[in-house]
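Novice: One point on numbering: in my numbering, the residue at position 228 of the sequence shown is 230, and numbering is uninterrupted.
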Amino acid sequence: GQDKFPGGGLSLVFRLNESTPEVLWEVLLERGWEEYDPLEQDEQDWNLYWCMSGFRNSDYENVLLWQRLNHLPKTMRLARKDWLARSLRRMRGTYGARLYGFSPMYTKLGADGKDIFIFDDIKNLTHDSPVIIQKYLSNPLLISGYKFDLRIYASVKSFCPLTIYMYQEGLVCFVSEKYNLASLDNLFSHLTNTSIDKFGPFYTTDKEQVGQGCTWTMSKFCSFLHSQGINEILLWQKINNIVTLTLLTIAPLIPSSPNCLELFGFDILIDCHYKPWLLEVSYSPALSMDCPAHIMVKKSLINDFIDLLNYTMIDGLRRRGYLRQKQRRPSNSGTRSLLPKSPIVRLIPKSVCESKWQCQSRINSYWHCSCSEGKLPAIHSQRVESPGQRTHDKNVPSLCVGDFILTFPFNDITHKASQGPLDVKTIVHKVRKLTS
């Protein structure tokens, strides 16, 4: 969509660092944004600062009302496999392995498949620094003999109160050679990593059911599960629970940052019993365009993520707009009250709902939703309101923004428990009930 507001507002302005993928630059220009020029514009005359690495504390402290950052503070630790392993082990000790037994132990590895190796005897492990060993999941679900994992996208709009959106599309990444436990040294048979598999000799081969390349969209995967008589809706709810429970490990540690938004990538492996396992969490998930499925999914993902940032017409005016609006308000209102609030999209007429969260419960009760073949559960009937539109409900986040769907909070109790201080025990209890 275009981010031009009626009434003569200025274009929104974006800042990118050198490592930002080109597709983000393309999407923002297509939406009518302008790139920040430090030689022509004031240092604070921008709306979005996108950085693949983390921001400095001073960046968070100095962010202004019309500005957004694409990271929340202190979230990078979630992508550290050693930190995640310790945190999940702690939660497993507190709430039990039945709920938190969704992740094997991790080795301390690099990104993009660097330093990844597989062994079947601990005596074969040699290292010169501390590592965490990940138990290899040897019984993965296979499609025509090929192993795969899922890249799930989730956005956190706030950790205080906790607000989680799951993206309905995603990627399914296959190995380029058939799974074979007898050849652990053949990474093309075991590692579902595009950075590795695209160099494999059979990457472009037309593989049975999988096809050429090594990537499906999530819609295609759901269509396949549906054709096999598998309850893809219940599987999706289990994955949603993994995302929520994982984010709860870090939520109490993250300070409130209303001008920030985070996009995570969750890598999920499905075993032969259709149990989902968390492999890792990606901070600044890759936005490279290596195949048609990447183009189809990631461009829409970026567009919908920008919509989640909830820009309004006054943001296009930047400092001038907020100063002008402040002059029209009573002197005791304060500038922080000018921060744009998220609109709410009602899925059911108010007269039908006993409470606003009845609409919300439709989202997490996936087995009550209609599901057309080849699509994830159709849980919304309309897209988010256009930028600049607001409703009078300031406390409830939008139920859907493009293909992002609100998965937490999902009822009155979890909404109350998500307010500071975070009531993790109550939230875990309610999440447990979703698939019990």
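Ideal Cβ positions, reconstructed from N, Cα and C, are used throughout, including at glycine.
Verify whether the separation of the beta carbon atoms of Asp306 and Gly404 is less than 8 Å.
Specialist: Here residue 306 refers to the residue found at position 304 when the sequence shown is read from its first residue. Here residue 404 refers to the residue found at position 402 when the sequence shown is read from its first residue. Contact: yes.
Novice: Under three-state DSSP, which class holds Thr409?
Specialist: Taking the sequence shown and counting its residues from 1, one reaches residue 409 at position 407. Strand at Thr409.
Novice: With three or more beta-carbon pairs closer than 8 Å as the criterion, would you say the stretch 139-152 touches the stretch 249-262?
Specialist: No, the stretch 139-152 is not in contact with the stretch 249-262.
Novice: With distances taken from CA atoms, which of Ser290, Val174, Arg70 is nearest Asp317?
Specialist: Counting from 1 along the sequence shown, the entry for residue 317 is found at position 315. Nearest C-alpha to Asp317: Arg70.
Novice: Assess contact between the stretch 297-311 and the stretch 277-285, defined as three or more Cβ pairs (one per stretch) separated by less than 8 Å. Is contact present?
Specialist: These segments do not touch.
Novice: Along the chain, where does the alpha helix (DSSP H) containing Lys240 start, and where does it finish?
Specialist: In the sequence shown, the residue the question calls residue 240 occupies position 238. Looking at the DSSP string, the run of the alpha helix (DSSP H) that includes Lys240 is 234-249.
Novice: Can you give me the Cβ contacts of Leu183 inside the same chain, cut-off strictly under 7 Å, excluding the 5 residues immediately before and after it?
Specialist: By one-based count along the sequence shown, residue 183 stands at place 181. For Leu183, where only same-chain residues beyond five positions count, the Cβ hits under 7 Å are Ser140.
Novice: Which of helix, strand or coil does DSSP assign to Lys159?
Specialist: The residue you call residue 159 lines up with position 157 of the sequence shown. Lys159: strand per DSSP, three-state reduction.
Novice: To the nearest angstrom, how far is it from the Cα of Ser160 to the Cα of Ser420?
Specialist: For the purposes of this step, residue 160 is taken as residue 158 along the sequence shown, with counting starting at 1. For the purposes of this step, residue 420 is taken as residue 418 along the sequence shown, with counting starting at 1. Rounded to the nearest angstrom, the two C-alpha atoms are 10 Å apart.
Novice: Between the Cα of Gln43 and those of Arg33, Ser13, Glu24, spot the shortest distance and give me the residue it belongs to.
Specialist: Sequence index remark: in the sequence shown, residue 43 carries index 41 (1-based). Checked all of Arg33, Ser13, Glu24; the closest Cα to Gln43 is Ser13.
Novice: Please state the DSSP three-state secondary structure of Asp47.
Specialist: Translated into positions along the sequence shown, residue 47 becomes position 45. Three-state result, Asp47: coil.
Novice: How many angstroms separate the CA atom of His394 from the CA atom of Arg17?
Specialist: Here residue 394 refers to the residue found at position 392 of the sequence shown. Here residue 17 refers to the residue found at position 15 of the sequence shown. Bear in mind that the predicted position of His394 carries a pLDDT of just 40, short of 50, making it too unreliable to give a figure here.
Novice: Just mark Gly103 as buried or exposed, buried being the case when its beta carbon has 16 or more other beta carbons within 10 Å.
Specialist: Translated into positions along the sequence shown, residue 103 becomes position 101. Answer is exposed; the Cβ neighbour count stays below 16.
Novice: Return the first residue and the last residue of the beta strand (DSSP E) that Cys224 is part of.
Specialist: Taking the sequence shown and counting its residues from 1, one reaches residue 224 at position 222. First-last for Cys224: 220-229, but that is the alpha helix (DSSP H), not the beta strand (DSSP E).
Novice: Phe223 to Glu63, Cα distance in whole Å?
Specialist: Position 221 of the sequence shown holds residue 223. Position 61 of the sequence shown holds residue 63. Distance between the alpha carbons of Phe223 and Glu63: 43 Å.
Novice: Going by alpha carbons, who is nearest to Asn49 out of Tyr38, Gly56, Arg58, Asp187?
Specialist: What you label residue 49 is simply residue 47 of the sequence shown in a count that begins at 1. Closest option to Asn49, Cα to Cα, is Tyr38.
Novice: Would the beta-carbon of Thr437 fall within 8 Å of that of Leu236?
Specialist: Along the sequence shown, read from residue 1 onward, the residue named residue 437 stands at position 435. Along the sequence shown, read from residue 1 onward, the residue named residue 236 stands at position 234. Yes; because the gap between Cβ atoms is below 8 Å, this pair is in contact.
Novice: Closest by CA to Phe268, which one among Ala288, Gly215, His73, Glu28?
Specialist: Taking the sequence shown and counting its residues from 1, one reaches residue 268 at position 266. The shortest Cα separation from Phe268 among Ala288, Gly215, His73, Glu28 belongs to Ala288.
Novice: Distance check for Trp35 and Asp425, CA to CA, integer angstroms please.
Specialist: As a first step, residue 425 must be located in the sequence shown, where it is residue number 423. As a first step, residue 35 must be located in the sequence shown, where it is residue number 33. Roughly 40 Å separates the two Cα atoms.
Novice: To the nearest angstrom, how far is it from the Cα of Glu264 to the Cα of Pro257?
Specialist: Along the sequence shown, read from residue 1 onward, the residue named residue 264 stands at position 262. Along the sequence shown, read from residue 1 onward, the residue named residue 257 stands at position 255. Cα to Cα, Glu264 sits roughly 13 Å from Pro257.
Novice: Looking at the unbroken alpha helix (DSSP H) that takes in Val299, where does it start and where does it end?
Specialist: Along the sequence shown, read from residue 1 onward, the residue named residue 299 stands at position 297. From DSSP, the alpha helix (DSSP H) with Val299 extends over 294-310.
Novice: Under the DSSP definition of a beta bridge, which residues are partnered with Gly267?
Specialist: Counting from one through the sequence shown, the residue named residue 267 turns up at place 265. Tyr155, Ser284.
Novice: With distances taken between CB atoms, is the gap from Tyr285 to Met93 smaller than 8 Å?
Specialist: Taking the first residue of the sequence shown as 1, we reach residue 285 at position 283. Taking the first residue of the sequence shown as 1, we reach residue 93 at position 91. Cβ distance not < 8 Å, so Tyr285 and Met93 don't count as in contact.
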